[in-house]
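Here the structure comes first, spelled out in structure tokens, and everything after it is commentary.
There are 2 protein chains.
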Amino acid sequence: MNFCSVCGHPVERKIPPLDHLPRYVCPNCATIHYENPRIVAGTLPLRGNQILLCRRAIAPRIGYWTLPAGFMECNESTLEAAMRETWEEAGARVRIDALHALLDVPHIHQVHLFYRATLLDLDWVPGAETLEIRLFPLSCLPWDELAFPTVRRALEYLLRGEATALSPQGTTRYPTVPLIETLPPRSARP
Amino acid sequence: MNFCSVCGHPVERKIPPLDHLPRYVCPNCATIHYENPRIVAGTLPLRGNQILLCRRAIAPRIGYWTLPAGFMECNESTLEAAMRETWEEAGARVRIDALHALLDVPHIHQVHLFYRATLLDLDWVPGAETLEIRLFPLSCLPWDELAFPTVRRALEYLLRGEATALSPQGTTRYPTVPLIETLPPRSARP
Ligand SMILES: [Zn+2]
Ligand SMILES: [Zn+2]
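Residue numbers (our numbering), protein chains in the order written: chain A, 7 to 196; chain B, 7 to 196.
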């Protein structure tokens, strides 16, 4: 940030009164320009023991598999954002079932929210940001070709829930408590 | 937004290629200025059957009671933001126990996250944004003087969990599944 978006004057970097962090402040109109983390919302679109994944057509991580997800817009809820991204990236309609994971990614100023969802039909079409869509059996996920660490964690948590909570009837049961976790930068990972 | 924060040129409002919503776009440097919802993070600081509330010293809702909460900063997780706000507004140290509520407030472009927490000491001090701090018995909350609808929903959900899940030993048990809800504008409320 170089210029005030309100009045166009060059901004200064300083700690405002009663604050504790440096902010971009306009010496002309006194506006303080706060910067805040952004929310990425997405779904785990399930159909029985299969899950829909999208192969990315855009950077970063072109050609890798991801869950449908993207930046939340203003004037929508996190559920609406997750459903919209599933529609835009995969042309797939889903019913939201539960919050699955809240993954903090502070080093890139993002919070990733994934909802477990049920695919309502099989008429999906790859969107402009998607090369290919595939239904993967949960037992056969493309672990070596996943796009992002948060996608990996969300899928690992899904399988862990499935493995530990198989009902006597063989019905798949998923975790009721969402995964809450902070993901460190790649360099800090074991 | 009137001016580009990167180059200082006046911005235009239009729908960029491959997009579906109008954005502020700079005709000089081509930067697209996205606007995103902000996260408010806070805690329900509990001590047995009592909860800490703060009486607000600042607008909006001066003099009304609230849970310690505020805008999440970059470079922190949602848990860190919740603990920091509890420290700044109440001088209180807490241990985070669980995600309690994720409340979408799309008409003001916010997502409110409340964590259930345990007060670690009783040495609280009102911060600059707080007039007064009090430990309220859960049976005697100031329902008519609460600052915000999300605070009310978070407290209602706490009590509902407490009421339905009292263990045989009389130990208080709280909900394991977080409340996920979208709050409508005041004019649309029943
Ligand atoms: Zn200015
Ligand atoms: Zn520009």
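Even for Gly, the Cβ is constructed at its ideal location relative to N, Cα and C.
Note that the coordinates shown come from a computational prediction; the quantities given were computed from them, not determined experimentally.
Open item on the list: If I measure Cβ to Cβ from proline 43 of chain B and keep anything under 7 angstroms in the same chain, skipping five residues before and after, which residues do I get?
Closed with: Here the question's residue 43 of chain B lines up with position 37 in the second sequence. So the qualifying residues of the chain are His115, Gln116 and Val117.
Open item on the list: If I follow the unbroken alpha helix (DSSP H) through alanine 87 of chain B, where does it start and stop?
Closed with: Taking the first residue of the second sequence as position 1, residue 87 of chain B is located at position 81. Its alpha helix (DSSP H) spans residues 84-96.
Open item on the list: Does the CB of alanine 171 of chain A have a neighbour CB from chain B at under 8 angstroms?
Closed with: In the first sequence, the residue the question calls residue 171 of chain A occupies position 165. Because alanine 171 of chain A sits at a pLDDT of 45, beneath the cut-off of 50, its placement in the model cannot be relied upon, and the point is left open.
TODO: Could you tell me if tryptophan 71 of chain A is buried or exposed, where buried requires 16 or more neighbouring beta carbons within 10 angstroms of its beta carbon?
DONE: Residue mapping note: residue 71 of chain A aligns to position 65 of the first sequence, counting from 1. By the neighbour-count rule (16 or more Cβ atoms within 10 Å), tryptophan 71 of chain A is buried.
Task: Beta carbon proximity, proline 148 of chain B to chain A, threshold 8 angstroms - done: Along the second sequence, read from residue 1 onward, the residue named residue 148 of chain B stands at position 142. So no, proline 148 of chain B is outside the interface.
Open item on the list: Under 8 angstroms, with one C-beta from each stretch per pair, do the segment 139-157 of chain A and the segment 52-62 of chain A reach the 3-pair mark?
Closed with: yes
TODO: Apply the 10 Å Cβ neighbour rule to alanine 65 of chain A and answer buried if 16 or more other Cβ atoms are within range, or exposed otherwise.
DONE: Here residue 65 of chain A corresponds to residue number 59 of the first sequence, with the count starting at 1. By the neighbour-count rule (16 or more Cβ atoms within 10 Å), alanine 65 of chain A is not buried but exposed.
Task: Per-residue contacts from leucine 24 of chain A into chain B (C-beta, under 7 angstroms) - done: Translated into positions along the first sequence, residue 24 of chain A becomes position 18. Those within 7 angstroms of leucine 24 of chain A in chain B are Ala134.
Open item on the list: Residues in the same chain with beta-carbon distance under 7 angstroms from alanine 194 of chain A, minus the five sequence neighbours each way, listed in chain order, please.
Closed with: The residue you call residue 194 of chain A lines up with position 188 of the first sequence. Taken in chain order, the list of residues that qualify is empty.
Open item on the list: Is tyrosine 70 of chain A close to chain B? Criterion is C-beta to C-beta, closer than 8 angstroms.
Closed with: Within the first sequence, the letter at position 64 stands for residue 70 of chain A. No, tyrosine 70 of chain A lies away from the interface with chain B (no Cβ there is under 8 angstroms from its Cβ).
TODO: Below 8 angstroms on the Cβ atoms is my guess for glutamate 95 of chain A versus proline 74 of chain A; work out the distance and round it to an integer in Å.
DONE: Counted from its first residue, the first sequence places residue 95 of chain A at position 89. Counted from its first residue, the first sequence places residue 74 of chain A at position 68. Confirmed, about 4 angstroms.
Open item on the list: Any beta carbon from chain A within less than 8 angstroms of leucine 59 of chain B's own beta carbon?
Closed with: Along the second sequence, one-based indexing puts residue 59 of chain B at 53. No - not a single Cβ of chain A is within 8 angstroms of the one on leucine 59 of chain B.
Open item on the list: Using a Cβ-Cβ distance cut-off of 8 angstroms, determine whether tyrosine 163 of chain B contacts chain A.
Closed with: Along the second sequence, one-based indexing puts residue 163 of chain B at 157. Cβ-Cβ to chain A under 8 angstroms: no for tyrosine 163 of chain B.
TODO: Determine the direct distance from the alpha carbon of arginine 140 of chain B to that of tryptophan 130 of chain A, and round the result to whole angstroms.
DONE: In the first sequence, counting from the first residue as 1, residue 130 of chain A sits at position 124. In the second sequence, counting from the first residue as 1, residue 140 of chain B sits at position 134. Spanning the two alpha carbons is a distance of roughly 54 angstroms.
TODO: Indicate whether the contact test is met: 3 or more Cβ pairs, each with one atom in the segment 149-169 of chain B and one in the segment 178-189 of chain B, closer than 8 angstroms.
DONE: yes
Task: aspartate 150 of chain B (DSSP reduced to helix, strand or coil) - done: Here residue 150 of chain B refers to the residue found at position 144 of the second sequence. Helix.
Task: Nearest residue (CA-CA) to glycine 167 of chain A, options A:Pro148, A:Tyr180 and A:Gly76 - done: Here residue 167 of chain A refers to the residue found at position 161 when the first sequence is read from its first residue. Considering only alpha carbons, the answer is A:Tyr180.
TODO: Compile a chain-ordered list of the residues in the segment 99-116 of chain A whose CB is closer than 7 angstroms to at least one CB of chain B.
DONE: Leu105, Leu108, Asp110, Pro112 and His115
Open item on the list: In this structure, how does DSSP classify alanine 107 of chain B when only helix, strand and coil are distinguished?
Closed with: Residue mapping note: residue 107 of chain B aligns to position 101 of the second sequence, counting from 1. Here alanine 107 of chain B sits in strand by DSSP.
Task: Separation of leucine 27 of chain A from asparagine 81 of chain B, as counted between CA atoms - done: Mapped onto the second sequence, residue 81 of chain B falls at position 75. Mapped onto the first sequence, residue 27 of chain A falls at position 21. Distance between the alpha carbons of asparagine 81 of chain B and leucine 27 of chain A is about 12 angstroms.
Open item on the list: Against asparagine 81 of chain B, what residues of chain A qualify as contacts under a CB-to-CB distance less than 8 angstroms, listed in chain order?
Closed with: Sequence index remark: in the second sequence, residue 81 of chain B carries index 75 (1-based). Within chain A, the residues near asparagine 81 of chain B are Pro112, His113 and His115.
Task: Inter-residue spacing [alpha-carbon to alpha-carbon] between valine 12 of chain A and serine 83 of chain A - done: For the purposes of this step, residue 12 of chain A is taken as residue 6 along the first sequence, with counting starting at 1. For the purposes of this step, residue 83 of chain A is taken as residue 77 along the first sequence, with counting starting at 1. Whole-angstrom Cα-Cα distance: 27 angstroms.
Task: Beta carbon nearer than 6 angstroms to a non-hydrogen atom of ligand 1 - done: A:Cys10, A:Val12, A:Cys13, A:His15, A:Cys32, A:Asn34, A:Cys35 and A:Thr37
- [ ] May I ask you to report which of helix, strand or coil DSSP gives histidine 113 of chain A?
- [x] Position 107 of the first sequence, counting from 1, holds the residue named residue 113 of chain A. In the structure shown, histidine 113 of chain A sits in a helix (DSSP, three-state: H, G or I).
- [ ] Give me the Cβ distance between alanine 63 of chain A and leucine 137 of chain A, rounded to the nearest whole Å; I'm assuming they're in contact under 8 angstroms.
- [x] Taking the first residue of the first sequence as position 1, residue 63 of chain A is located at position 57. Taking the first residue of the first sequence as position 1, residue 137 of chain A is located at position 131. Contact holds; Cβ gap of about 4 angstroms.
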